[in-house]
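Below: one structure, written as structure tokens.
2 protein chains.
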Amino acid sequence: MQKPTLPKGTRDFGPEQMRKRLFIFDTIRQTFQRFGFQPLETPSMENLSVLTGKYGEEGDQLLFKILNSGDFAAGLTDEDLQAGSKKLTPKIAEKGLRYDLTVPFARYVVMNRGTLTLPFKRYQMQPVWRGDRPAKGRYREFYQCDADVVGTDSLLCEAEIVLMVHEVFRNLGVIDFTLKINNRKILAGIAEVIGVPGQEGTLSVAIDKLDKIGREKVLDELRERGFSDDSIANLEPMFNLAGKSISQVLSQLKTWLDSSETAIRGVSELEQTIQLVDQYGLVDSQVELDPTLARGLSYYTGAIFEVKANGVSIGSVSGGGRYDNLTGAFGVPGLSGVGISFGVDRIYDVMDELNLFPASAGQGTQVLVVPFDTEARSVALPLLNRLRSAGLSAETYPDMAKIKKMLDYANAKAIPYVVLIGSEEVQTGMLTLKNMVTGEQQKLDADTIVTRIGA
Amino acid sequence: MQKPTLPKGTRDFGPEQMRKRLFIFDTIRQTFQRFGFQPLETPSMENLSVLTGKYGEEGDQLLFKILNSGDFAAGLTDEDLQAGSKKLTPKIAEKGLRYDLTVPFARYVVMNRGTLTLPFKRYQMQPVWRGDRPAKGRYREFYQCDADVVGTDSLLCEAEIVLMVHEVFRNLGVIDFTLKINNRKILAGIAEVIGVPGQEGTLSVAIDKLDKIGREKVLDELRERGFSDDSIANLEPMFNLAGKSISQVLSQLKTWLDSSETAIRGVSELEQTIQLVDQYGLVDSQVELDPTLARGLSYYTGAIFEVKANGVSIGSVSGGGRYDNLTGAFGVPGLSGVGISFGVDRIYDVMDELNLFPASAGQGTQVLVVPFDTEARSVALPLLNRLRSAGLSAETYPDMAKIKKMLDYANAKAIPYVVLIGSEEVQTGMLTLKNMVTGEQQKLDADTIVTRIGA
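Protein sequence lines, in the order shown, are assigned to chains E and D. Numbered per full-length UniProt numbering, the first sequence spans residues 1 to 455. Numbered per full-length UniProt numbering, the second sequence spans residues 1 to 455.
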């Protein structure tokens with residue numbers, strides 16, 4: 001018989017990994033909730049009419065499509081069958097798997113706009129699927145954790161996102177990170193000022209690679225894409241802002257981009273956002289203003305955010321921004337919003353590499369109760385009950401086995417405490433509590449054991 | 001533009017539903033963990049070679065299949081294309097969506113058996129997909145919450161499941177339920193004793209409908225399936241056990257099924273399980289022994305469990321049993337286990353119908369901070385910070401709007417407290433706390449507000 005395998009690009013998460021992942025999920029969820037974001041879940045499948053055309057041509061190709069149920073080929077003509085994959089697909093598959101959480105959110109808003117209270121703040125933590133070529137850190141199924149507020153253009157929402165990013169990472173124990181912010185209007189203004197108005201898209205795509213390929217290659221790319229030497233020379237001030245304080249950057253941008261109304265609006269939005277953040281009294285702000293921050297997605301129209309953990313070479317762990325037109329693709333125009341997305345897989349990698357998971361995040365069963373014989377169960381089973389009632393994770397070795405085997409089981413599962421119950425223990429009521437880490441043993445009564453382990 | 005729709009049989013879960021669902025998930029997860037079950041997650045997609053043939057022919061048809069990525073039709077011959085859906089499917093789809101959590105669990109155990117510590121206790125809470133015809137209470141995407149222990153045949157595991165079922169429902173607040181238990185060996189013994197040895201499968205299928213179609217129709221069905229009048233007459237004692245105590249049922253079964261070794265083993269297993277449950281000191285046991293309980297799945301070989309909530313006509317909310325051969329289909333024989341599955345959708349329906357959700361389960365944002373003007377933000381924003389640091393869910397209305405509009409927002413979102421901050425409040429530091437339920441207003445300082453709302 002063939003050994004079973006996993007589809008490529010997918011993963012099982014065993015107990016230890018899962019406990020750590022749950023720590024991340026719980027932390028993000030709690031923080032979202034504290035900021036007043038409300039939970040939403042949408043189906044894994046969406047109609048392809050909802051998904052197609054929303055992620056560009058490449059995205060369409062990466063969508064996983066679901067074969068229609070039943071006799072999907074009935075009614076197909078020879079012509080249909082021989083028309084090739086692209087034309088055949090819509091005839092045999094009308095559903096696809098969720099590609100991100102934004103399009104389903106937009107679909108939900110459109111379908112429920114009659115009953116939604118605006119501004120609507122929702123968070124969503126669910127897997128998404130992409131038929132990308134699997135690689136290190138790139139999977140075909142992975143989780144996104146998004147929080148968005150739509151129906152308002154108040155910059156207070158941007159400030160709240162800055163606050164929330166700090167909260168999430170601090171609650172996770174990732175203290176050393178950088179939150180870069182920028183504003184798309186500044187990029188648009190730069191394009192104006194250097195003489196390529198409207199070409200901020202091309203500019204963004206190139207600048208987005210600054211970290212990876214360096215300044216010279218970015219400029220080469222712009223030259224190839226038709227930017228004049230003058231335009232490129234005019235870009236100079238952009239590269240001289242690194243390492244400066246937020247107020248320095250803001251004042252230099254005001255001077256440089258003075259002639260662009262759009263840029264000045266972007267600068268002012270950033271300035272107000274920073275002021276609002278200050279009003280909250282944010283301690284140890286990790287915010288950095290980076291006018292070269294572009295982020296690929298073309299639908300951002302205002303603030304852009306990106307978070308990287310310092311001390312590891314792992315890509316961004318969080319990102320987002322403001323968009324003007326969440327629901328336009330579904331015929332409902334004008335809904336502005338701002339959102340942030342946390343990448344659980346990368347956050348996991350960061351925390352794993354930097355050893356940031358608290359011990360409790362990896363902890364499974366806290367105590368193994370070991371009766372030496374069936375007699376001893378009369379003491380062991382009620383004790384299990386009591387340990388669990390006290391909120392502890394407790395189990396017993398179910399078979400009558402040699403003591404060594406049961407202790408091996410405790411060690412293999414990294415259970416820190418074992419309670420040993422033999423005939424003496426049954427008679428005296430004094431049970432043996434063994435600390436599996438130190439090896440220390442003590443005779444204690446059941447009450448003391450419950451409080452000791454719970455402490 | 002066409003209005004977007006949901007694929008049939010799928011659902012969005014908005015904030016209120018989600019909060020209640022999360023209450024169910026959290027409660028089940030915590031209880032699983034307290035009993036020493038460890039979390040596992042498997043991919044949504046499995047290779048069809050893993051899924052096919054595991055759920056019977058009907059199940060195979062209900063599997064959602066995923067169209068291969070890229071140019072799936074390349075290389076197909078005309079013959080392939082025209083062979084019809086059934087023969088074409090394996091050539092264009094090699095993956096399918098998870099149909100239950102048991103087969104992926106078995107696959108995981110087989111793939112990781114070199115490193116797993118046995119007995120292995122895992123829980124898994126993930127959605128599954130079935131291309132069933134949608135109906136009331138039947139969806140194409142729904143969650144399963146399973147806990148299983150494999151690698152032991154100790155009846156202590158059955159007892160633990162009985163305990164855990166009680167814990168889960170009590171922690172949910174579903175006090176009035178019935179946990180029916182039976183043993184497949186008893187059903188096998190009945191088949192022997194009434195003269196149709198080995199036909200307990202047919203017997204089970206018919207008896208399974210007892211609740212729905214009544215005794216006479218069950219007997220009709222057995223007659224149709226070739227059971228003799230003698231056999232059917234011999235079934236009589238089975239119908240005379242309802243409403244009797246566990247010990248009465250056990251003793252009548254012992255007499256009736258005395259001639260079947262298998263049955264007597266089943267009776268003894270049940271007896272021992274009940275004794276073990278008693279040893280734990282389970283208070284207010286809801287266990288009922290029902291020798292007519294069959295449950296459809298043919299892979300059960302020992303104990304069978306089924307839970308129904310009393311006072312509502314909603315099907316079983318939980319079920320499970322012991323199986324002998326979890327991994328046989330993957331060429332690894334002999335792994336015995338016992339498991340229990342909780343149906344979140346039905347539990348939700350029960351709790352909703354009986355009004356059992358605690359108020360906290362539906363609660364979103366706890367307090368809305370309302371600054372009347374931008375000045376007031378200097379007080380409002382730090383207050384938001386403090387409320388959140390105290391673990392409260394707090395938000396502000398982001399736009400400068402009329403007070404009525406902001407209070408309407410609080411009411412629409414069922415936010416119980418609002419803090420109003422105008423110029424007087426900024427000057428005096430005494431803020432207005434409004435209870436949105438009673439309408440009561442009080443002037444309090446920030447400290448008092450934080451502790452008052454947190455109480």
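The C-beta atom is built at its ideal place from N, Cα and C for all residues, glycine as well.
Terminal residues of the beta strand (DSSP E) in which residue i lies
i        : result
D/Lys86  : Note, D/Lys86: premise wrong, no beta strand (DSSP E); alpha helix (DSSP H) at 85-92.
D/Asp148 : 141-150
D/Asn47  : 45-47
E/Asn182 : 177-183
D/Phe342 : 337-342
Beta-carbon proximity of residue i to residue j, cut-off 8 Å
i                      : j        : result
E/Ala263               : E/Ile207 : no
E/Leu81                : D/Gln82  : yes
D/Ile181               : D/Leu289 : yes
D/Ile421               : D/Leu407 : no
residue 531 of chain D : D/Leu51  : No statement about residue 531 of chain D is possible, as the shown extent of chain D runs from 1 to 455 and does not include it.
D/Arg265               : D/Lys185 : yes
E/Arg122               : D/Pro398 : no
E/Ser378               : E/Val426 : yes
E/Asn47                : D/Thr27  : no
E/Asn183               : E/Gly320 : no
D/Tyr280               : D/Leu387 : no
Contact with chain E by residue i, beta-carbon distance below 8 Å
i        : result
D/Ile28  : no
D/Tyr409 : yes
D/Thr77  : no
D/Ser49  : yes
D/Glu141 : yes
D/Gln427 : no
D/Gly14  : yes
D/Lys402 : no
D/Lys54  : no
D/Met18  : yes
Host alpha helix (DSSP H) of residue i (start-end)
i        : result
E/Pro15  : 15-34
E/Tyr409 : 403-412
E/Met125 : Note, E/Met125: premise wrong, no alpha helix (DSSP H); beta strand (DSSP E) at 120-129.
E/Glu158 : 156-172
Beta carbon proximity, residue i to chain D, threshold 8 Å
i        : result
E/Ala446 : no
E/Ala394 : yes
E/Ser85  : yes
E/Gln279 : yes
E/Phe305 : no
E/Thr451 : no
E/Cys157 : yes
Contacting residues, own chain, Cβ-Cβ under 7 Å from residue i (five flanking each side not counted)
i        : result
D/Ser318 : Val165, Val307, Ile340, Ser341, Phe342, Gly343
E/Gly311 : Asp176, Leu354
E/Phe72  : Ile92
E/Leu384 : Val369, Ala394, Thr396
D/Leu67  : Ile92, Ala93
D/Thr89  : Lys65
E/Phe330 : Ala106, Arg107, Val110
D/Gly429 : Asp445
Secondary structure of residue i, DSSP reduced to three states
i        : result
D/Leu63  : coil
E/Lys212 : helix
D/Pro237 : helix
E/Thr202 : helix
E/Gly454 : helix
D/Val437 : coil
E/Gln363 : coil
Same chain, Cβ closer than 6 Å to residue i, five either side skipped, listed in chain order
i        : result
D/Phe23  : Ala361
D/Leu326 : Ala106, Val150, Leu335, Gly337
D/Gly143 : Note that residue 143 of chain D is Tyr in the sequence shown, not Gly. So the qualifying residues of the chain are Pro127, Val344.
Close beta carbons around residue i, own chain, < 8 Å, minus the five adjacent residues each side
i        : result
D/Ser316 : Glu306, Val307, Lys308, Gly343, Arg346
D/Thr365 : Ser393, Ala394, Glu395, Lys413, Ile415
E/Ser423 : Phe372, Asp373, Glu375, Ala376
D/Met351 : Lys20, Ile24, Leu172, Gly173, Val174, Phe357
Residue i: CB within 7 Å of a non-hydrogen atom of the ligand PLP
i        : result
E/Lys180 : The ligand PLP is not among the ligands present in this structure, which contains no ligands whatsoever.
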